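Quick note on numbering: numbering that gives the first Met the number 0 labels position 28 of the sequence shown as 27, and the sequence is numbered without any gaps. Cβ atoms here follow ideal geometry from the backbone N, Cα and C, with glycine treated the same way. Given the structure is predicted, the values throughout are model-derived calculations rather than measurements.
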Amino acid sequence: MKEKSDQYAKDTDGRAFIIHALRSPETESAIVAIAEKTKRTLYLANIVPKKKQQLSMDEYNQIASNFFNAFRQHLKGIKSRVSIRITKENIGLEEIIPGKLTRKYFERYMSAYPLSFHPLDVERLDFFICALFRYRSRVDVTRLKRYLIEDIGWQEKDASWCTRRVETGLDILKANWGFH
0 MKEKSDQYAK
10 DTDGRAFIIH
20 ALRSPETESA
30 IVAIAEKTKR
40 TLYLANIVPK
50 KKQQLSMDEY
60 NQIASNFFNA
70 FRQHLKGIKS
80 RVSIRITKEN
90 IGLEEIIPGK
100 LTRKYFERYM
110 SAYPLSFHPL
120 DVERLDFFIC
130 ALFRYRSRVD
140 VTRLKRYLIE
150 DIGWQEKDAS
160 WCTRRVETGL
170 DILKANWGFH
C-alpha cells in the first residue's frame, strides 16, 4: 500500500496517500485516497471500489462515513489536535456549480432537450462553459457527472460526453487566454 501511496502522491504533485478501507457488512471493500487541498488541509479525494467498476452515491457516502467515524475514533484515542469534518451527503446543483450566474447557464442548458444534441443545445452548454471561464467560477465535474446519472437519470455515456465537453472547453479557453 505504501508504494501505491507514494505513486499517488507523485501523480497528484502534492501530499497524498492511499488507505485500504476494510469492508464492513454494509459496504464494499474500497481504497480511500486522501490528498492535499491546501498547506493545512487534506481532503478525501476519491473512493475506489476493489471488486466492482463503480459505486452508487449511497455506497460512496456510506464508505466515506465509515472512514470518517473510524478516523475520528482513532484521533480521540491518540488525543490528536487534528480536526475533521464531513460534508453533507445530499449534494445538489448549488454545491456542484456554486456560482449563481454560471449555474443559471447550466440550468438553461438543462431546460431544453440537452440529450438531443441539437446544435442549439450544444451551444447552450458552450455558453455555460464560457460563463465558467469568464466569471472564474468552478464546477465539480465528477459530481456533475454523478448528478446527471443518479439524479437526472442520464445514461453514463451522455453524462461522460457532457462533462468531457466541459473539461475540454475549459482547457481550450485557458489555452486561448494564454496564447500570444
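Problem set entry | residue 84 vs residue 108 beta-carbon contact at 8 Å | Locating residue 84 in the sequence shown gives position 85, counting from the first residue. Locating residue 108 in the sequence shown gives position 109, counting from the first residue. Going by C-beta atoms, residue 84 is not nearer than 8 Å to residue 108.
Problem set entry | Three-way DSSP call (helix, strand, coil) for residue 48 in this model | Residue 48 sits at position 49 when you count from the first residue of the sequence shown. The answer is strand: DSSP assigns residue 48 an E or B state.
Exercise. For the candidate residues 93, 171 and 161, whose alpha-carbon lies nearest to that of residue 137?
Worked result: As a first step, residue 137 must be located in the sequence shown, where it is residue number 138. Measuring from the Cα of residue 137, the nearest candidate turns out to be 93.
Exercise. Tell me, which residues are paired with residue 40 by DSSP?
Worked result: By 1-based counting over the sequence shown, the position of residue 40 is 41. Answer by DSSP bridge pairing, in chain order: 37.
Problem set entry | Where the alpha helix (DSSP H) containing residue 173 begins and where it ends | Position 174 of the sequence shown, counting from 1, holds the residue named residue 173. Its alpha helix (DSSP H) spans residues 155 to 177.
For this session: Assign residue 33 to buried or exposed, taking buried as 16 or more other Cβ atoms, counted over all protein chains shown, within 10 Å of its Cβ.
Result: For the purposes of this step, residue 33 is identified with residue 34 of the sequence shown, where counting begins at 1. Buried, because 16 or more other Cβ atoms sit within 10 Å of the Cβ of residue 33.
Exercise. At which residues does the alpha helix (DSSP H) containing residue 131 begin and terminate?
Worked result: The residue labelled residue 131 in the question sits at position 132 within the sequence shown. Segment 118 to 133, the alpha helix (DSSP H) holding residue 131.
For this session: Check whether the Cβ atoms of residue 31 and residue 41 lie closer than 8 Å to each other.
Result: Stepping through the sequence shown from its first residue, residue 31 is reached at position 32. Stepping through the sequence shown from its first residue, residue 41 is reached at position 42. The Cβ atoms of residue 31 and residue 41 do not sit closer than 8 Å to each other.
Problem set entry | the stretch 133 to 149 contacting the stretch 160 to 167, beta-carbon criterion three pairs below 8 Å | yes
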